Amino acid sequence: MSDAQTAPAKSTPAQQVATGDRAILPEGAKTIPIYVMGKKYEVPETLTIMKAMEFAGFKFLRGCGCRGGICGACPTVYRKEGDYKLHFGLACQTVVEPNMYLAQIPFYPANRAGYSLDEIEPTAEAIFALYPELFRCVACNNCTKACPMGVQVLDYISALKQGDIAKAAKLSFDCIQCGLCASRCMGELPQYHIAQLARRIYGKYIQPHADHLAKRVAEIESGKYDEILGKLTEMSKDELAKLYKEREREPDLAPLGTWMPQDTQYL
Amino acid sequence: MGYTPEMKELIKRVEASRPERVERARRGEHYPALSLEEREVVLNKFHPDYQQEGRRPVRVGPNKGQAFPEEVAGMLESRSMLRPERIDLSKVDFDTDVLIIGGGGAGTSAALMASQAGLNVIMTTKLRHGDANTMMAEGGIQAASQECDSPFYHYLDTIGGGHFTNQPDLVAALSHDAPLSIAWLESLGMMFNKLPDGRLDVRHFGGSSRKRMHSAGDMTGAEIMRVLRDEARNRRDLITTLEFCPAVELLLDEEGKCAGAVLYNMETREFFVARARAVILATGGFGRLHIKGFATTNHYGATMDGVVMAYRVGVGTNFLYSTQYHPTGVAYPEQNVGLLITEKVRGLGAHVLNIDGEQFCFPLEPRDVESAELIKEAVEKNKAVITPTGRFGLWLDSPMIDLLHGEGTVRKELPAKFIQFDRHGIDISKEPMLVYPTLHYQNGGIAINSAAATAIPGLFAAGETVGGIHGENRLMGNSLQDIITFGRRAGVSAANYASNGVELKKLTLDHVNKFEKELAEAGITNPLIAPILLPDYATDEVSSRRLMDAQMDSE
Ligand SMILES: Cc1cc2nc3c(=O)[nH]c(=O)nc-3n(C[C@H](O)[C@H](O)[C@H](O)COP(=O)(O)OP(=O)(O)OC[C@H]3O[C@@H](n4cnc5c(N)ncnc54)[C@H](O)[C@@H]3O)c2cc1C
Ligand code: FES
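Protein chains in written order, with our numbering: chain Z, 10 to 276; chain E, 6 to 560.
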């Protein structure tokens with residue numbers, strides 16, 4: 010397709026070396042069977058599900074985003090042979106095991122309520138009004154069991170039901186919105202959308218605002234720094250280097266908001 | 006799973022040399038840092054940016070004659086996947102005020118600002134909305150929000166960090182807008198780390214004179230991205246998001262104004278003509294080109310598309326020859342390959358060691374020098390560990406940290422890394438990590454001015470796809486800031502431009518023909534087809550069996 014994955018530079022040693030993200034099978038490495046949607050493939054052990062599937066020849070379109078466990082594009086459900094239990098994981102983070110049966114769930118339909126953050130009342134009632142299905146939760150805990158990030162999903166849903174937006178916001182912070190919780194929910198809740206709403210209400214209305222930031226914004230908007238920034242853009246490299254060397258450094262251990270430089274003319 | 010028995014055997018060499026190394030560290034003795042001259046030598050020989058091997062002048066387009074890494078030059082000299090004569094541009098499938106190409110932090114910020122002005126916006130994105138480098142940023146975002154700080158110092162730190170090569174008007178815009186960006190994100194409900202009284206929690210970082218790094222846990226980028234995405238979803242009346250529908254070519258009108266793009270639905274393989282009065286490129290970086298075979302920290306769709314498309318309409322690049330490699334990417338376990346290991350590990354005293362457990366470099370050289378030293382140890386000295394999947398790795402001796410600072414320090418100071426490795430059976434407070442440099446950031450890109458405008462009327466650009474803000478070297482936390490600053494500026498500029506009586510004439514893809522003529526004249530007979538959209542990680546064996554591809558090539 011392209012030469013994006015070029016051969017290693019000439020100076021590399023003779024042994025085969027993996028480049029980019031393409032996995033190779035070094036001599037002597039073992040392969041194991043996995044079942045992708047029921048079909049058997051032999052793949053090298055130690056790879057993630059994602060790279061094992063690519064090794065087998067799949068090219069992802071759906072089900073692959075960051076490849077680093079943070080975007081939620083690659084939720085995967087699997088079972089191991091001879092075991093009834095369902096397991097949940099991210100394809101980019103979960104290592105293949107012999108005889109695993111897997112299917113990706115790149116998308117799961119979930120209700121999302123639109124709203125205006127500027128106009129919403131920062132209350133639990135406002136959340137209930139947008140998501141009345143919250144009260145369909147039967148506390149089965151399937152959501153928490155399915156979460157690949159270890160988020161205590163049921164706990165934040167319970168906190169919300171009790172009206173504690175701050176607690177729900179903090180408990181749900183690690184959510185990557187992959188949708189596995191919603192896929193397992195008996196009450197058909199879109200947990201991750203509800204959590205997003207709770208976090209934004211918390212961030213805008215409940216968490217205290219930064220006064221020093223508001224002051225700085227007002228200063229900038231009044232044009233206070235326009236002249237000095239203009240001067241900086243005109244300066245020669247030597248002038249800049251001189252100023253750069255003369256900078257005072259805020260001490261590491263000074264508590265925030267306590268230290269001031271000797272030279273305050275540029276503040 | 007953990008380390009293999011063979012690797013465990015090798016770890017014994019690290020353990021054998023450890024007591025003596027810890028003793029030396031306690032006495033404050035370091036492996037000697039390189040002199041400036043020695044730095045030059047190792048950089049020139051081993052840093053991918055400096056090596057002449059693997060770079061060449063590009064033969065066509067606005068940057069003709071300038072040298073780039075082979076992979077980048079190949080992209081600049083690529084041809085379109087479209088055959089212009091076969092496309093009926095009189096049939097317009099989408100018509101909008103502003104077309105935004107890319108749905109990361111820059112694109113989404115632009116979409117919010119353009120819709121704020123009451124304009125209709127279409128945002129196309131290659132994967133899902135938010136599958137982007139923005140989602141992956143952990144560290145933080147810069148802004149001079151504190152009383153002891155000001156845009157003046159943000160400017161100085163930034164331009165000094167870039168070795169005074171940065172484009173001045175862009176640095177001024179960045180440092181001017183940065184606090185405004187933070188306030189905007191706060192107003193959108195982003196959960197910043199704050200002290201109980203609401204004061205923003207800020208930290209120092211490499212090259213800072215003031216504490217200026219704001220964060221949201223250790224997933225700052227993810228928090229920014231999900232808040233922006235949620236807000237865009239709330240504005241569905243004005244913002245239409247098209248997922249899995251990348252742009253593959255820009256459209257001009259007969260007068261040379263940018264007038265839209267050809268979109269490609271990757272699922273149905275249909276092409277669509279999208280006409281727009283203004284276009285914003287926000288397609289992110291190029292990590293997935295795997296320059297010189299390096300692993301990358303970037304997301305799956307980071308393939309330089311925006312630069313390629315802009316280049317074909319005649320918009321040149323700045324600093325595109327410069328790439329940031331992070332010295333310590335994960336080399337093992339395979340599932341984490343390429344992912345970042347923060348500089349903090351070395352800051353806390355961990356040594357970098359070769360296969361024999363020997364130190365070979367000062368662990369806290371500047372990023373580029375450190376990367377070059379690791380590469381040298383692997384490719385010249387042949388002293389790297391080879392992982393079971395055939396990768397180079399050098400040891401990062403994290404267990405030293407607990408020995409130096411007390412039991413439990415690793416867990417306390419590096420919680421995310423501890424969990425990430427623990428998941429795969431490696432306790433990094435007891436066993437060292439295997440690392441190798443990883444391709445992290447596209448320092449350069451599309452040339453813009455401080456209004457995020459390119460040289461083509463109606464074409465704007467923002468985010469990692471542009472070049473100049475960071476010059477040859479980016480400071481940590483300035484990239485998340487630049488995508489908000491210039492994403493917002495691009496949205497406002499495009500909206501202003503589009504509302505000021507732009508009259509689009511007949512659409513054309515003539516620039517594609519012209520570019521191909523230039524390729525032919527330069528003797529480039531077999532150009533790559535780009536944007537490549539997604540990398541292909543199939544093995545050679547699988548590729549060779551792909552009959553379909555063979556047939557397509559012979560078409
Ligand atoms: C692991 C990691 C950690 C980082 N940490 C930090 C940090 O701590 N601080 C910091 O400041 N910076 C950090 N960075 C850098 C920073 O995150 C990125 O540079 C920045 O987020 C880029 O934003 P963007 O909007 O320009 O591009 P992206 O967020 O990458 O978005 C680009 C979007 O464009 C889409 N796209 C691509 N091609 C096309 C096409 N042809 N058509 C349509 N859509 C297309 C992509 O799919 C994607 O949605 C980090 C980067 C990485 C990878
Ligand atoms: S690809 Fe992003 S979480 Fe797996």
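Built from N, CA and C at the ideal position, the CB exists for glycine as well.
This one's a predicted model, so the numbers in the text were calculated from it and none came from an experiment.
T544 of chain E sits away from A38 of chain Z, with the two beta carbons spaced by 9 Å or more. A direct Cα-Cα distance of roughly 48 Å separates V176 of chain E from R551 of chain E.
Contact between L124 of chain E and A355 of chain E does not hold, since the beta-carbon distance rounds to 51 Å and is not under 8 Å.
Per DSSP, G334 of chain E is not a residue of any alpha helix (DSSP H); the beta strand (DSSP E) it occupies stretches across 328-337.
Contact between N171 of chain E and G482 of chain E does not hold, since the beta-carbon distance rounds to 15 Å and is not under 8 Å. Look at the stretch 149-167 of chain E: the residues with a C-beta under 8 Å from a C-beta of chain Z are A149, S150, Q151, E152, C153, D154, S155, P156, F157, Y158, Y160, L161, D162, I164, G165.
Separation of the CB atoms of G468 of chain E and I488 of chain E is rounded to 5 Å, and the pair is thereby assigned contact status at 8 Å. Just so you know, the alpha carbons of K94 of chain Z and I114 of chain Z end up roughly 17 Å apart. According to the DSSP secondary-structure assignment, E51 of chain Z is paired through a beta bridge with Z:P42.
Identification of chain E residues near E128 of chain Z by a Cβ-Cβ cut-off of 9 Å yields none; the smallest Cβ-Cβ distance measures about 11 Å.
Taken from the Cβ of Q329 of chain E, every heavy atom of ligand 2 lies 8 Å or farther away.
When the alpha-carbon of Q271 of chain Z is set against those of Z:L262, Z:A263, Z:L265, Z:R258, the nearest one is in Z:R258.
Below the 8 Å Cβ cutoff, chain E contributes no neighbours of E236 of chain Z, its closest Cβ being approximately 10 Å away. Under the three-state reduction of DSSP, T443 of chain E is assigned to strand. Excluding sequence positions up to five before and after M230 of chain E, its CB lies within less than 8 Å of the CB of G109, G110, T113, G135, A137, T139, M140, all in the same chain and listed in chain order. For the pair A221 of chain E and A223 of chain Z, the Cα-to-Cα distance works out to about 19 Å. Nothing from the stretch 134-145 of chain Z brings a Cβ to less than 8 Å from some Cβ of chain E. G265 of chain E is positioned such that its CB atom lies no closer than 9 Å to that of A287 of chain E. At a C-beta separation below 7 Å, P251 of chain E has no neighbours in chain Z, since its nearest C-beta there lies roughly 11 Å away. CA-CA distance, D93 of chain E to I529 of chain E, rounds to 28 Å.
The secondary-structure analysis by DSSP pairs N270 of chain E across a beta bridge with E:E275.
Using beta-carbon distances, R71 of chain Z counts as an interface residue toward chain E, with a partner under 9 Å. Going by DSSP, H96 of chain Z is part of the beta strand (DSSP E) stretching over 96-99. Where W189 of chain E is concerned, the enclosing alpha helix (DSSP H) starts and stops at 173-192. The contact set of S125 of chain Z on chain E, defined by CB atoms closer than 8 Å, consists of N239 in chain order. When DSSP states are grouped into helix, strand and coil, A178 of chain Z belongs to the helix group.
With respect to the 9 Å criterion, C149 of chain Z and Q200 of chain Z are not classified as neighbours on the basis of their beta carbons.
Using a 10 angstroms sphere on the CB of F144 of chain Z, the tally of other CB atoms stays under 16, which defines it as exposed. Following the DSSP letters along the chain, one finds F144 of chain Z in no beta strand (DSSP E), marked with neither H nor E. Among the residues facing chain E, V162 of chain Z is not included, as its CB has no counterpart in that chain under 9 Å away.
At a cut-off of 9 Å between beta carbons, A457 of chain E makes no contact with chain Z. At a beta-carbon threshold of 8 Å, the residues of chain Z lying near H429 of chain E are V104, ordered along the chain. Flagged as an interface residue toward chain Z: I187 of chain E, by a C-beta distance shorter than 9 Å. Contact annotation for R494 of chain E against chain Z: no contact, minimum CB-CB distance about 14 Å [criterion: below 7 Å]. Residue range 84-89 is occupied by the beta strand (DSSP E) that includes P84 of chain Z. Taking a C-beta distance under 9 Å as the contact criterion, P338 of chain E and T273 of chain Z do not qualify as a contact pair.
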